[in-house]
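As structure tokens, the structure follows; a few thoughts come after it.
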Amino acid sequence: SGLPTRIVVEPVELRDQDFYRFTSHLVDRATHENLGVTAAHERIEELLAEYGQALLQSPEADWQILGEKVLRHPPTRPNASRIHDRRKRYLLEEGTPVPFLVELGVMTAAGQVRKSRYDKFRQVNRFLELVEDVVPSLPAGGTLRIVDFGCGKSYLTFALHHLLTVIHGREVEIVGLDLKQDVIEACTVLADRSAAAGLRFQLGEIASFDAEEKVDLVVSLHACDTATDDALAQAVRWGADVILAVPCCQKEAYGQIRSDLLAPLLRHGLAKERFAALVTDALRAQLLELAGYRTQLVEFVELEHTPKNVLIRAVRGRRPGPDARRSYEALRDSFGLDPALERLLSTS
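Basically the numbering used here = 1-based index in the sequence shown + 79.
Following this line, the structure appears as structure tokens:
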């Protein structure tokens with residue numbers, strides 16, 4: 080507790096944009112926060128006023144700030160990379176062992192990423208970047224309660240646990256649900272071997288899961304067809320602050336969609352499949368907005384499934400606009416669709 084003993088600020092690049100990473104060293108842990116350039120400058124001014132001293136390291140010189148006095152010293156990092164040629168920095172960095180990545184064979188015990196698993200390492204980091212953006216929208220205090228439906232091999236479930244507990248220093252209760260017994264058993268073993276406190280796995284589906292307390296974050300990755308809608312509807316019923324969903328196999332709309340205007344496109348099975356998936360996700364986003372969420376459709380690169388998937392990212396707390404319902408109905412009716420999510424929400 081109390082003020083950090085030391086705060087290190089360094090430039091990083093996330094999603095091809097410049098940020099500053101603030102690493103706060105406390106007695107028993109270190110926490111990380113990424114801020115844009117303007118916000119970082121404001122934070123640095125606040126910290127200087129609070130601490131009264133700082134050390135700025137550059138390739139040319141070290142600058143020691145002591146109150147209103149600034150002293151120049153010879154550089155202690157003369158070979159430091161310039162900002163324009165620094166290598167890409169990840170939330171999970173190579174060279175620092177991450178227990179679950181070591182157990183899954185992505186990293187060696189020394190923290191080096193195995194060449195054959197580098198794509199998986201990048202994918203996990205990309206997912207964490209997308210989560211990092213919405214961490215400020217989660218409750219600031221207390222234990223974070225998270226339900227992850229369709230955890231599968233659980234790379235991303237464990238990555239989420241690491242981000243929140245190790246990088247952000249939060250206490251969590253994460254429940255990973257899956258319909259396959261062997262998956263649950265394998266994930267439970269991995270959680271034990273990784274000493275992942277607050278992470279458990281159980282057999283079941285999200286529609287029948289009994290959440291005893293408020294759920295802050297719902298994650299649903301690759302739930303097939305309308306199972307994604309079950310997850311989204313349950314998240315809305317629970318009043319989850321944040322929803323992250325990567326849909327898969329949108330078969331419902333494929334069987335319903337019709338349009339005289341687009342008949343030349345829809346006669347091709349592949350084109351119809353992809354178009355139906357995009358329309359489905361657009362309608363899901365609109366329904367979430369009607370339920371009071373600020374919603375984005377973000378590209379998410381996946382390896383085991385389609386090359387590029389859509390991530391639905393929704394944050395609670397926004398009133399729908401006056402034309403939101405009319406806009407949703409116009410899109411729905413133009414293709415003759417009866418979306419599962421609308422039916423599920425209407426019975427909530």
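Glycine residues also receive a C-beta, built at the ideal position from the N, C-alpha and C atoms.
Those residues which DSSP pairs with Phe379 across a bridge: Asn388
Check whether Phe206 and Val185 have beta carbons under 9 Å apart: no
Residue span of the alpha helix (DSSP H) that contains Leu366, given as start and end: 348-369
Rounded distance between the beta-carbons of Thr102 and His111, thought under 8 Å: About 5 Å; that satisfies the 8 Å criterion.
Beta bridge counterpart(s) of Arg224 as assigned by DSSP: Glu252
Between the CA atoms of Thr155 and Ala35 - distance to the nearest angstrom: The structure shown has nothing for residue 35, since the chain only spans 80 to 427.
For Val214, the three-state DSSP class (helix, strand or coil): helix
Outcome for Lys360 when other beta-carbon atoms lying within 10 angstroms are tallied against a minimum of 16: Just to set this straight, residue 360 is Asp in the shown sequence, not Lys. So Asp360 ends up on the buried side.
Within 9 Å, strictly: CB atoms of Ile225 and Leu296: Yes.
Buried or exposed by the 16-neighbour rule on C-beta atoms within 10 Å, applied to Ala350: exposed
Distance between Pro90 and Ala355 (C-alpha atoms, nearest Å): 42 Å
Assigned exposure category for His240 - 16 Cβ within 10 Å defines buried: buried
Integer-rounded CB distance, given that Ile391 should sit under 8 Å from Ala364: 6 Å
Contact under 9 Å by Cβ, Gly229 with Ala312: no
Member of Val254, Pro153, Glu264 whose CA lies at the smallest distance from the CA of Glu291: Val254
Exposure of Arg249, with buried meaning 16 or more beta-carbon neighbours within 10 Å: buried
Run of the alpha helix (DSSP H) containing His240, from where it starts to where it stops: 234-241
Extent of the continuous beta strand (DSSP E) run through Phe101: 96-104
Best match in Cys327, Leu340, Asp339 for proximity to Asn388 [C-alpha to C-alpha]: Per the Cα distances, Cys327.
Backbone CA spacing between Tyr169 and Arg100 [nearest angstrom]: 11 Å
Candidates Val251, Leu282, Ala319, of which the one nearest Ala265 by Cα: Closest by alpha carbon: Leu282.
Per-residue DSSP class, three states only, for Ser273: The answer is coil: DSSP assigns Ser273 none of H, G, I, E or B.
Beta-carbon proximity check, Asp308 vs Ala419, cutoff 9 Å: yes
Distance between Ser137 and His163 (C-alpha atoms, nearest Å): The predicted position of His163 is uncertain, since its pLDDT is 41 and thus under 50; no value can be drawn from it.
Cβ pair Pro401, Asp320 closer than 9 Å: no
Among Thr84, Arg316, Phe98, nearest to Ala109 - alpha-carbon criterion: Thr84
The alpha helix (DSSP H) enclosing Leu180, as first and last residue numbers: 178-182
Spatial distance of Glu139 from Pro153 (CA atoms): The alpha-carbon of Glu139 is positioned some 8 Å away from that of Pro153.
Cut-off 7 Å between Cβ atoms - residues of its own chain near Val177, not counting five sequence neighbours on either side: Cβ neighbours of Val177 beyond the five flanking positions: Leu171, Met186, His241.
Glu421 classed as buried or exposed, judged by whether at least 16 other C-beta atoms fall within 10 angstroms: Buried.
Coil, strand or helix - His163 by DSSP: Confidence is the limiting factor: at His163 the pLDDT is only 41, short of 50, which leaves the residue's position unreliable, though a coordinate-based value still follows. Reduced to three states, the DSSP call for His163 is helix.
Within the stretch 282-321, ranges of the alpha helix (DSSP H) (whole runs, at least 4 residues): The qualifying runs are 306-317.
Same chain, Cβ closer than 8 Å to Asp339, neighbours up to 5 away in sequence not counted: none
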